[in-house]
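Peer 1: Going line by line, the protein sequences match chains A and B. Everything in the first sequence is counted per the numbering used here, starting at 1 for the first residue and increasing by one. Everything in the second sequence is counted per the numbering used here, starting at 1001 for the first residue and increasing by one. For every residue, glycine included, the Cβ atom is placed at its ideal position computed from N, Cα and C.
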Amino acid sequence: MDRNVGGEVIESIAGENLISLRDLSQRAIVEILDTAEAFVEVNTRAIKKVPTLKGRVVASLFFEESTRTRLSFETAAKRLSADVLSLAVASSSVKKGESLRDTIATIDALGIDAVVMRHSASGAPEQVSRFVPHVRVINAGDGQHQHPTQGLLDVFTIRQVLAERHGTTGRESGCELFSGLKVLIVGDLRHSRVARSDVMAYTTLGATVRVCAPGTLLPVDVSQWPVEVVYDFDESLAWADVVGVLRLQKERGTGSLVPSLGEFTRTHGLTWERAQRLSPSTLITHPGPMNRGVEIDSRVADLDVALMERQVANGVPIRMSVLYLSLAGRAPERSTDE
Amino acid sequence: MAERERRHARPRGVIFVPRAQLLTEDDVERALRRMAHEVVERNSDPNALVVIGLQTGGVPIAQHLRDLLSEITGVDIEFGLLDVAFYRDDVSLHPVLESAETSINSDLTDRTVVLVDDVLYTGRTIRAALNALSDWGRPRFVQLAVLVDRGHRELPIRPDFVGKNLPTSHEEAIDAGIDGVWIGTLVAK
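Structure follows, in structure tokens:
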């Protein structure tokens, strides 16, 4: 998962696609977070809408089920005054066996400016970006590859809370508060696109990341991630400033990889007993939906340091920021007419 | 050139090179004091006034104008900040602009809004600001105060209070702030 392997680093997503956080420089990530701060303010107004993307069409294509990501992207697009075309895959021609390429070509023929897509196949958004190079493609989760906006909203939420604690604002702090920050990501790393995006977001901003999972739930290429791998969750509890708990993805066949849910909880669940051994200031994140009682205890999920509700609330401004930059911006290096 | 325009310019890699100073810090102070008196003369109820500075160049000027107004009227005049990046009609013509803080804490319905910017040029920023203001209610009046009017309007917009009229050519650039006003040119870095 090294940054420079097989691709160029983007300094700003202005006018670009958002496929993977591996592609983004620190500057590009900070720009997205800073722009999102302005949209947090827009979302506190009585009229939560700005005319920025008036007349642009954003297609929302979720080939895999989702509630929060889909709602949050569509809300974001609408608050920017874009029109949203929403494809309900279950009742569409995809069920008749239409290929991804044909589905995209059909929707493109209706005249769209951007596609927000989720797909069970890793790399599907990248492929779509080659089918329709004139359309901006925003990855809303692809297979076991990436979920960039989740990674961005996680670091945005952490920056917001740390900035409040330090009596500053996220915008003023830039990425300062991440230097030396110790982040522990625990759980089903093998199937988690959130983990891959989180690791890139945190490390790009300067944090130190440890990952912890049962051996069977570690990705095969984890040695190439910019992280330290640990196997004993308990030993890292006192070390962590942030604990990112991942969802156990039963639908992706975790069943055969752990002996039982109960054993997973005993070894790698954030139980009430483990939560007592965290420092009181340690922050807890979870991308949702939570399996309460499996990877996280119900009481732990309701603690003040558990940021799940803030993560969801920040989903809208982060996605507004991504849509705004990607659609309204034009890549500066391409401008030859000025 | 306005701070606002400097932000436009930055991603394109140009810098402002001053040629001559047109107003000193004292000149700016006198102009703003006169403008404050004109605002009071025109608006009999100081409690209805809200001074709103346009990010980023208009903000320090608006703050100073608000302080002068409070001093003259003895009323604590309300103050707000507005960034119009999301309301511009030239999104996608430029590399994306960084956005700055917006903070307007009251309903503007039936208030008298004094919009403040450093330099009035094409009028497009003001057009965007007028659009934005309607999201906070329906002001009774919107008036425009600018430190420098440099001409070249592209829209039917005129200022109510002007510090200094400076006819310029398109090739020139103006840098206006509390500390003075300069004329110069934009040069590629």
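Taking buried to mean at least 16 other C-beta atoms within 10 Å of its own C-beta, is residue 47 of chain A buried or exposed?
Peer 2: For the purposes of this step, residue 47 of chain A is taken as the residue at position 47 of the first sequence. Result: exposed.
Peer 1: Who are residue 1018 of chain B's beta bridge partners in DSSP?
Peer 2: Indexing the second sequence from 1 puts residue 1018 of chain B at position 18. For residue 1018 of chain B, which the question treats as bridged, DSSP gives the partners B/1184.
Peer 1: I'd like to know whether the C-beta atoms of residue 98 of chain A and residue 86 of chain A end up nearer to each other than 8 Å.
Peer 2: Here residue 98 of chain A is taken as the residue at index 98 of the first sequence, counted from 1. Here residue 86 of chain A is taken as the residue at index 86 of the first sequence, counted from 1. It is not a contact, given that the beta carbons lie outside the stated cut-off.
Peer 1: Three or more beta-carbon pairs under 8 Å between the region 187-194 of chain A and the region 160-169 of chain A, yes or no?
Peer 2: In short, these stretches do not touch, since the Cβ pair count stays below three.
Peer 1: Return the chain-ordered list of same chain residues with a C-beta closer than 7 Å to the C-beta of residue 1058 of chain B, the five sequence neighbours on each side being excluded.
Peer 2: As a position in the second sequence, residue 1058 of chain B is number 58, starting the count at 1. Taken in chain order, the residues that qualify are 1116, 1117 and 1118.
Peer 1: Quick check: is the beta carbon of residue 112 of chain A nearer than 8 Å to any beta carbon in chain B?
Peer 2: Taking the first sequence and counting its residues from 1, the one referred to as residue 112 of chain A is at position 112. No, because no Cβ of chain B sits closer than 8 Å to the Cβ of residue 112 of chain A.
Peer 1: Using the beta-carbon of each residue, which ones in chain B are nearer than 9 Å to residue 52 of chain A?
Peer 2: Locating residue 52 of chain A in the first sequence gives position 52, where the first residue counts as 1. Going along chain B in sequence order, the residues near residue 52 of chain A (Cβ under 9 Å) are 1085, 1086, 1087, 1088 and 1091.
Peer 1: Taking residue 1110 of chain B as the query, report the chain A residues whose CB atoms sit under 8 Å from its CB, ordered along the chain.
Peer 2: Within the second sequence, numbered from 1, the residue matching residue 1110 of chain B stands at position 110. Residues of chain A passing the Cβ test: none, with the nearest at roughly 16 Å.
Peer 1: Would you say residue 230 of chain A and residue 32 of chain A are within 8 Å of each other, going by their C-beta atoms?
Peer 2: Locating residue 230 of chain A in the first sequence gives position 230, counting from the first residue. Locating residue 32 of chain A in the first sequence gives position 32, counting from the first residue. Not in contact: residue 230 of chain A and residue 32 of chain A (Cβ atoms no closer than 8 Å).
Peer 1: Check whether chain B comes within 8 Å of residue 47 of chain A, counting only Cβ atoms and requiring the distance to be less than that.
Peer 2: Your numbering for residue 47 of chain A matches position 47 in the first sequence. Yes, residue 47 of chain A lies at the interface with chain B (some Cβ there is under 8 Å from its Cβ).
Peer 1: Counting only runs of 4+ residues fully inside the region 139-221 of chain A, write out the alpha helix (DSSP H) ranges in chain order.
Peer 2: Taking only runs of at least 4 residues, the alpha helix (DSSP H) segments lying wholly in the region 139-221 of chain A are 148-165, 170-173 and 193-205.
Peer 1: At a CB distance below 9 Å, what residues from the region 30-47 of chain A approach chain B? Give them in sequence order.
Peer 2: Within the region 30-47 of chain A, the residues whose Cβ lies closer than 9 Å to some Cβ of chain B are 31, 34, 35, 37, 38, 39, 41, 42, 45, 46 and 47, listed in chain order.
Peer 1: Starting from residue 1112 of chain B, follow its DSSP beta bridges and name the residues at the other end.
Peer 2: Residue numbering aside, residue 1112 of chain B sits at position 112 when the second sequence is read from its first letter. For residue 1112 of chain B, which the question treats as bridged, DSSP gives the partners B/1049 and B/1141.
Peer 1: Of the residues A/170, A/82 and A/320, which one's Cα is nearest the Cα of residue 113 of chain A?
Peer 2: As a first step, residue 113 of chain A must be located in the first sequence, where it is residue number 113. The residue with the shortest Cα to Cα distance from residue 113 of chain A is A/82.
Peer 1: DSSP three-state label for residue 321 of chain A, please.
Peer 2: Residue mapping note: residue 321 of chain A aligns to position 321 of the first sequence, counting from 1. Helix at residue 321 of chain A.
Peer 1: For residue 1131 of chain B, collect the residues of the same chain with a Cβ closer than 6 Å to its Cβ; drop the 5 residues on either side in sequence, then sort them by chain order.
Peer 2: For this step, residue 1131 of chain B is matched to residue 131 along the second sequence. Within the same chain, residue 1131 of chain B has close Cβ partners 1087.
Peer 1: Taking only the alpha-carbon atoms, compute the straight-line gap between residue 11 of chain A and residue 25 of chain A and give it to the nearest angstrom.
Peer 2: As a first step, residue 11 of chain A is located in the first sequence; it is residue number 11 there, counting from the start. As a first step, residue 25 of chain A is located in the first sequence; it is residue number 25 there, counting from the start. Residue 11 of chain A and residue 25 of chain A: Cα-Cα distance of roughly 5 Å.
Peer 1: Kindly say whether residue 76 of chain A, judged by its beta-carbon, lies nearer than 8 Å to any beta-carbon of chain E.
Peer 2: The chain labelled as chain E is not found among the protein chains of the depicted structure, namely A and B.
Peer 1: Return the chain-ordered list of same chain residues with a C-beta closer than 6 Å to the C-beta of residue 261 of chain A, the five sequence neighbours on each side being excluded.
Peer 2: The residue labelled residue 261 of chain A in the question sits at position 261 within the first sequence. Correct list, in chain order: 294.
Peer 1: So does the region 100-109 of chain A actually touch the region 143-160 of chain A, counting three or more Cβ pairs closer than 8 Å?
Peer 2: As far as the Cβ criterion goes, the region 100-109 of chain A does not touch the region 143-160 of chain A, which means the pair count is below three.
Peer 1: At a Cβ threshold of 8 Å, is residue 1105 of chain B touching chain A?
Peer 2: The residue you call residue 1105 of chain B lines up with position 105 of the second sequence. Answer no: the Cβ-Cβ gap between residue 1105 of chain B and chain A never drops below 8 Å.
Peer 1: Buried or exposed for residue 139 of chain A, going by 16 or more other Cβ atoms inside 10 Å?
Peer 2: By one-based count along the first sequence, residue 139 of chain A stands at place 139. Counting Cβ neighbours within 10 Å, residue 139 of chain A comes out buried, since at least 16 surround it.
Peer 1: Assess, as a yes-or-no matter, whether the region 140-149 of chain A is touched by the region 113-127 of chain A under the definition of 3 or more beta carbon pairs within less than 8 Å.
Peer 2: Yes: the two stretches touch, three or more of their Cβ pairs being nearer than 8 Å.
Peer 1: When the distance is taken between beta carbons, is residue 1108 of chain B closer than 8 Å to residue 1050 of chain B?
Peer 2: Indexing the second sequence from 1 puts residue 1050 of chain B at position 50. Indexing the second sequence from 1 puts residue 1108 of chain B at position 108. Yes, the pair counts as a contact, with Cβ atoms nearer than the cut-off.
Peer 1: Quick one: using the 10 Å Cβ neighbour count with 16 as the cut-off for buried, is residue 1019 of chain B buried or exposed?
Peer 2: Position 19 of the second sequence, counting from 1, holds the residue named residue 1019 of chain B. It counts as exposed.
Peer 1: With a threshold of 7 Å, establish whether the CB of residue 1107 of chain B neighbours any heavy atom of the ligand COA.
Peer 2: Among the components modelled here there is no ligand, and therefore nothing to report on the ligand COA.
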